[in-house]
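Chains as they are written, first to last, in the numbering used here: chain F, 244 to 384; chain S, 244 to 384.
Just so you know, even glycine gets a beta-carbon here, dropped at the ideal spot from N, CA and C.
Nothing here was measured: the structure is a model prediction, and the numbers come from that model.
Number of protein chains: 2
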Amino acid sequence: MDQAVTFITLGVADVAASRRFYVDGLGWQPLFEVPGDITFFQVGHGLVLGIWGLDSLGDDAGAPATPGTPFALASNVGSVEAVDAAVERARPAGATVLREPSWHEAIRIYHAYVADPDGHRWEIAFNPGLSVAEDGTVTLA
Amino acid sequence: MDQAVTFITLGVADVAASRRFYVDGLGWQPLFEVPGDITFFQVGHGLVLGIWGLDSLGDDAGAPATPGTPFALASNVGSVEAVDAAVERARPAGATVLREPSWHEAIRIYHAYVADPDGHRWEIAFNPGLSVAEDGTVTLA
Numbered sequence: 244m245d246q247a248v249t250f251i252t253l254g255v256a257d258v259a260a261s262r263r264f265y266v267d268g269l270g271w272q273p274l275f276e277v278p279g280d281i282t283f284f285q286v287g288h289g290l291v292l293g294i295w296g297l298d299s300l301g302d303d304a305g306a307p308a309t310p311g312t313p314f315a316l317a318s319n320v321g322s323v324e325a326v327d328a329a330v331e332r333a334r335p336a337g338a339t340v341l342r343e344p345s346w347h348e349a350i351r352i353y354h355a356y357v358a359d360p361d362g363h364r365w366e367i368a369f370n371p372g373l374s375v376a377e378d379g380t381v382t383l384a
Numbered sequence: 244m245d246q247a248v249t250f251i252t253l254g255v256a257d258v259a260a261s262r263r264f265y266v267d268g269l270g271w272q273p274l275f276e277v278p279g280d281i282t283f284f285q286v287g288h289g290l291v292l293g294i295w296g297l298d299s300l301g302d303d304a305g306a307p308a309t310p311g312t313p314f315a316l317a318s319n320v321g322s323v324e325a326v327d328a329a330v331e332r333a334r335p336a337g338a339t340v341l342r343e344p345s346w347h348e349a350i351r352i353y354h355a356y357v358a359d360p361d362g363h364r365w366e367i368a369f370n371p372g373l374s375v376a377e378d379g380t381v382t383l384a
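Structure representation (structure tokens):
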């Protein structure tokens with residue numbers, strides 16, 4: 244198993260509701276979709292996120308997929324204001340705000356957590372100690 | 244919420260056991276770690292994966308994190324043989340093989356699914372219809 248992630252697939256209860264959240268609510272642009280079944284979005288350099296029925300995901304994996312919140316995805320942005328703006332955009336789209344934007348003093352990150360209609364968690368963060376070189380190498384101060 | 248993923252954090256029951264799986268078992272190189280607390284790995288261009296206690300992740304998010312298998316991460320590789328090799332590397336490391344490598348005839352992908360010690364699912368896939376341009380743009384045929 245290579246030290247590489249190329250796809251992230253979120254299992255959702257209702258693909259239409261999930262698509263409305265990401266596309267209509269947040270304004271994301273689909274990369275490719277099979278209507279009513281799966282929608283893919285490009286979310287990074289060579290990186291794709293898919294939303295797919297929990298049942299379909301379980302069938303594909305060969306073992307039932309179960310709901311839960313054992314992970315978080317993060318979208319890092321460039322400023323405190325960008326974190327605030329992202330949360331204010333997500334709220335009316337139907338996101339549940341789990342943590343309002345605030346400074347995490349111990350690690351000096353300004354962040355918030357929101358959940359999509361299935362509870363999948365997104366951290367929106369401004370981390371002054373994070374940098375990404377042109378070749379994609381990440382540095383965490 | 245930008246159409247971008249920069250961090251993926253997996254909530255795990257036992258950070259030491261999870262670290263053994265990824266570092267000792269799979270041979271992954273940590274990017275940065277706080278011993279006993281969190282380990283980060285670079286898993287793509289500007290993309291980081293962290294393994295962190297489920298309790299810590301819940302505290303950070305402002306709402307308890309619960310176990311479940313509502314998602315899958317995928318690592319795309321370049322050939323059928325590379326899929327087989329990745330599964331044979333993961334098995335002795337302690338991965339549970341949920342789906343042995345095989346062709347998914349309908350979508351013409353050769354793939355397997357394995358689960359880490361917490362059940363977090365990884366698809367290892369060879370997709371001849373997938374290409375990534377130099378600038379990171381993904382094409383799905």
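Range covered by the alpha helix (DSSP H) that runs through residue i
i	result
A349(F)	Unbroken run through A349(F): none, as it is neither H nor E.
V258(F)	V258 to R262
Enclosing beta strand (DSSP E) for residue i [first to last residue]
i	result
G293(F)	L290 to G296
G287(F)	I281 to G287
V266(S)	Element bounds for V266(S): n/a, residue is neither H nor E.
V255(S)	F250 to V255
Short CB-CB distance (under 7 Å) between residue i and chain F
i	result
I251(S)	yes
V323(S)	no
D302(S)	no
V326(S)	no
F314(S)	yes
V258(S)	no
G254(S)	yes
Chain S contact for residue i (CB, 7 Å cutoff)
i	result
R342(F)	yes
V277(F)	no
P310(F)	yes
G268(F)	no
Y356(F)	yes
T346(F)	Per the sequence presented here, residue 346(F) reads as Trp, with Thr not at that position. No, its Cβ sits nowhere closer than 7 Å to a Cβ of chain S.
Residue i - partner residues in DSSP beta bridges
i	result
N319(F)	A368(F)
L373(F)	L383(F)
P273(F)	F284(F)
V357(S)	V340(S) and W365(S)
S345(S)	H354(S)
Cβ separation of residue i and residue j, assumed to be a contact under 8 Å, to the nearest whole Å
i	j	result
A315(F)	T252(S)	5 Å
M244(F)	S261(S)	Contact flag wrong, Cβ pair sits at about 14 Å.
Y265(S)	F284(S)	7 Å
Cβ pair residue i, residue j closer than 7 Å
i	j	result
T312(S)	A308(F)	yes
P344(F)	D327(F)	yes
T268(F)	I281(F)	Reading the sequence as shown, one finds Gly at residue 268(F) and not Thr. No, Cβ-Cβ distance for G268(F) and I281(F) is not below 7 Å.
A355(S)	I367(S)	yes
G379(F)	G305(S)	no
V277(F)	A247(S)	no
Contact list for residue i against chain B, beta-carbon separation under 7 Å
i	result
F369(S)	Protein chains F and S are contained in the structure displayed, whereas chain B is not.
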